[in-house]
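What follows is a short report on a single structure.
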Amino acid sequence: MTRDDAVAALTGVVDPELGVDIVSLGLVYGVDVDACDVVAVTMTLTTAGCPLHDAIEGGVHRALERAGARSTRVDVVFDPPWTPERMGAPIPA
Amino acid sequence: MSGARVYGAPGARTRERMASVGGPPWQVPVALIAAAVIAYVAGALALLGGAGDLAAGAWYGRHQLAAAHLVGLGFVSVTAVAALLQLVPVLLRTTLAPAWRGAATGAALWAGAAIMAAGFLVPVPRAIAAGGALLAAGAAVFVADVAAALLRAARTEAGPGASGAGIGAAVAWFAAVVPAGAVLAGNRADAFLGARVTDLLAAHAAAASLGWLGGLVLAVGLRLGPMFALSHGYSRRRGVVAMVLWHVATLAVVAGLAADAAWLRAAGAALLTVASLTALGFVADVARHRRRAVEAPILHLGLGVACAAAAVAVEAVAAAGGVDAARGHAAAGVLVLVGLGAGVTAGHAFKVVPMLVWTGRYAARMGTPGTPTLSDLYPARLAHVEPVAFAAGLALLVAGVLAGSRGLAAGGACALLASALAVAGAVADCVFGRGRAAAATSVHPTSSSTHTKGGA
Chain A
1 MTRDDAVAAL TGVVDPELGV DIVSLGLVYG VDVDACDVVA VTMTLTTAGC PLHDAIEGGV
61 HRALERAGAR STRVDVVFDP PWTPERMGAP IPA
Chain B
1001 MSGARVYGAP GARTRERMAS VGGPPWQVPV ALIAAAVIAY VAGALALLGG AGDLAAGAWY
1061 GRHQLAAAHL VGLGFVSVTA VAALLQLVPV LLRTTLAPAW RGAATGAALW AGAAIMAAGF
1121 LVPVPRAIAA GGALLAAGAA VFVADVAAAL LRAARTEAGP GASGAGIGAA VAWFAAVVPA
1181 GAVLAGNRAD AFLGARVTDL LAAHAAAASL GWLGGLVLAV GLRLGPMFAL SHGYSRRRGV
1241 VAMVLWHVAT LAVVAGLAAD AAWLRAAGAA LLTVASLTAL GFVADVARHR RRAVEAPILH
1301 LGLGVACAAA AVAVEAVAAA GGVDAARGHA AAGVLVLVGL GAGVTAGHAF KVVPMLVWTG
1361 RYAARMGTPG TPTLSDLYPA RLAHVEPVAF AAGLALLVAG VLAGSRGLAA GGACALLASA
1421 LAVAGAVADC VFGRGRAAAA TSVHPTSSST HTKGGA
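These protein sequence lines map, in sequence, to chains A and B.
Each residue of the first sequence is one higher than the last, beginning at 1 in the working numbering.
Each residue of the second sequence is one higher than the last, beginning at 1001 in the working numbering.
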């Protein structure tokens, strides 16, 4: 599994409140795929304490596993905080 | 990611993730909100029945009492219990109550309000007493649960926060209003504690509508308003200042009414005006920094706060002799109870119910093709119609009361009934119609392409 595959899988995770996928929203801060297809995602949410936190995090795990990841790890961070200006920003390598 | 602050070990439940757990099964708050909306429709019907009396300046009739308790307790308070069951874990990082107790509390409040309202309407004193007892039991458990949750939150590093403190202040008003109401329901004629019953009734109504309903609206709106509007860069401090001023003003108004002290009432009214304008500034700031179209919650929040300011203005005009005092009190009461309390609650129901239904039915499917989004469940057409009917109805009713026109007041009450029916239709559509159909029809292109590429 490549990093591009993982990012493409994440575009299938649509924020249920906004109707936009988490990559386009700029919620994904980092994606790493190791040689064993273990995918680590660093991401944020539009607001801390978001009631949809579990749903979105679960969606990331499911989308990556469906795309072929052997195991997944999701770190949700709030620093730097998300702002709408991050929409469309590329994911740092 | 360099410089990123990770809460907890990788893969562990982060502090914010923990904040989202602990809510009850989605059916509990949705069932309570559905029951509350039935009380709203019944309250709007009772208001229609009492519109003529309100226009005559009679704010203490059987229809008016029934409407006030159905709307204030059956609708707003029961919705508040349902929302707080879901919201307290997010705000305070602790549960409010086990699901069964939350459901029982909400049911007791709803049944108590309904029985009491029927007792006022018929009238049957025993029904008023029975409803009041049920209500008091539910209220006692609710107040104890909120107090316990706040104490648990206060022991944590993050503390209860401004919204939590605001909820605590509002619930403290509720804790004072319910026993006071019980005493007043048992003694509706004689003076006691050196005060006239009408003064105590006015103080009770002010404490309930301003302290409990208004305080809760501000506390919850402080958090949910920006969240629903996706607002960033707004001044949160302005909302906190408005909330503090609001409670101080309410204290002065309630004390001034109970003690029949005009100077205290005037000081409270002046402070309430400042608080309302500050809150309006907060809502405008949130709306200015929003990143999505204005929807029902923020629209009603702005309208509700404007209603509070208008209520103070009406009372000031009445005090100056510009309008009949009794009709001024009735109009101000309608503005605060319906315009602020019921309106903001109705507006938030348009977002909260779809969120609850989505979380319950579709959250576990997120990340798989065809999963509906919240907007698929949002009853957009009804959400556009409802605020228009509500604002028109409220304006007509208040104008009718102030002008002493029974026809105008009845027309306004009819429009308010239509807006309550729109809320009921939206909830039913979300739970039974749109919420089920969305799963069969919703397809998101990004989901399809992703999984094709991934080869899953």
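Ideal placement from N, C-alpha and C gives every residue a C-beta, glycine not left out.
Give the DSSP-derived three-state secondary structure of residue i in the structure shown.
i       : result
A:R70   : coil
B:V1398 : helix
A:T42   : strand
A:V28   : strand
B:D1429 : helix
B:A1195 : strand
B:V1021 : Any reading at B:V1021 needs caution, since the residue's pLDDT is 49, under 50, leaving its predicted position unreliable; the model's value is listed next. Coil, per DSSP.
B:V1081 : helix
A:D79   : coil
A:D54   : helix
A:T15   : As written in the sequence, residue 15 of chain A is Asp, which differs from the Thr given in the question. If DSSP states are grouped into helix, strand and coil, A:D15 belongs with coil.
B:R1381 : helix
B:V1323 : coil
B:D1260 : coil
A:D37   : coil
B:S1442 : Its pLDDT being 43, under 50, B:S1442 is placed unreliably in this model, and the coordinates cannot settle the point.
Cβ closer than 8 Å: which chain B residues qualify as neighbours of residue i?
i     : result
A:A89 : The premise fails here: A:A89 is roughly 13 Å from chain B at the closest Cβ pair, so nothing lies under 8 Å.
Hey, out of the options, whose CA is closest to residue i's CA?
i       : options                               : result
B:G1367 : A:H61, A:D34, A:E85 and A:L18         : A:H61
B:G1409 : B:A1420, B:E1386 and B:A1331          : Contrary to the premise, residue 1409 of chain B reads as Ala rather than Gly in this sequence. Nearest of B:A1420, B:E1386 and B:A1331 to B:A1409, Cα basis: B:A1331.
B:G1112 : B:A1097, B:V1090, B:L1084 and B:F1075 : B:F1075
B:V1344 : B:A1203, B:R1327 and B:E1295          : B:E1295
A:G26   : A:G19, A:P16 and A:L45                : A:L45
B:V1286 : B:S1235, B:G1050 and B:A1266          : B:S1235
A:V31   : A:G19, A:S71, A:D54 and A:D4          : A:D4
B:A1262 : B:T1273, B:R1062 and B:D1199          : B:D1199
B:A1182 : B:P1125, B:R1361, B:L1396 and B:T1250 : B:P1125
B:K1351 : B:T1278, B:H1232 and B:G1221          : B:G1221
B:W1059 : B:A1325, B:R1361, B:S1375 and B:T1359 : B:A1325
A:D15   : B:L1374, B:L1397, B:G1404 and B:G1433 : B:L1374
Considering only the beta carbon of each residue, do residue i and residue j sit closer than 8 Å?
i       : j       : result
B:A1399 : B:A1415 : no
B:A1413 : B:L1048 : yes
A:V41   : A:V28   : yes
B:G1102 : B:A1169 : no
B:L1301 : B:V1312 : no
B:W1026 : B:L1356 : yes
A:A6    : A:V33   : yes
B:L1085 : B:P1160 : no
B:A1039 : B:L1087 : no
B:G1333 : B:L1303 : no
B:A1108 : B:A1137 : yes
A:A69   : A:D37   : yes
B:L1417 : B:L1045 : yes
B:A1055 : B:V1401 : yes
B:A1185 : B:R1093 : no
B:G1341 : B:G1166 : no
B:W1173 : B:G1132 : no
B:A1202 : B:L1272 : no
B:L1151 : B:G1106 : no
B:V1078 : B:V1353 : no
B:L1245 : B:G1164 : no
B:A1117 : B:A1034 : no
Taking C-beta pairs closer than 7 Å, name the residues in chain A that residue i reaches, listed in chain order.
i       : result
B:W1358 : P16
B:L1374 : P16 and E17
B:A1349 : By Cβ distance, chain A contributes nothing, its closest Cβ being about 15 Å from B:A1349, past 7 Å.
B:A1082 : Simply none; closest approach about 14 Å.
Taking C-beta pairs closer than 7 Å, name the residues in chain B that residue i reaches, listed in chain order.
i     : result
A:T98 : Residue numbering for chain A in the displayed model covers 1 to 93; residue 98 of chain A lies beyond these limits and cannot be assessed.
A:T46 : L1230
Mind pulling the chain A residues with CB within less than 9 Å of residue i?
i       : result
B:T1368 : G12, G59, R62, A63 and R66
Could you tell me if the beta carbon of residue i falls within a distance shorter than 7 Å of some heavy atom in the ligand COA?
i       : result
B:A1182 : Only the bare structure without any ligand can be found here, which leaves the ligand COA out of the picture.
Could you name the residues of chain B that residue i contacts, counting a contact when the two beta carbons are closer than 9 Å?
i     : result
A:A35 : Result: empty, since nearest Cβ-Cβ is about 18 Å, beyond 9 Å.
Give the residues of chain A in contact with residue i, contact being defined as C-beta atoms less than 8 Å apart.
i       : result
B:A1308 : Under the 8 Å cutoff, chain A gives no residues; its nearest Cβ is about 27 Å from B:A1308.
B:A1330 : Near B:A1330 there are no residues of chain A at all, since even the closest Cβ is about 39 Å away, more than 8 Å.
B:A1389 : Neighbours of B:A1389 on chain A: none; closest Cβ ~26 Å, over 8 Å.
- Message: For a minimum of 3 consecutive residues, which ranges assigned as the beta strand (DSSP E) are wholly contained in the stretch 1137 to 1185 of chain B?
- Response: none
- Length at least 4, wholly inside the stretch 1022 to 1055 of chain B: the alpha helix (DSSP H) runs in chain order: 1027 to 1055
- What are the start and end residues of each continuous alpha helix (DSSP H) run of 4 or more residues lying completely inside the stretch 1306 to 1370 of chain B, in chain order? 1325 to 1334 and 1343 to 1362
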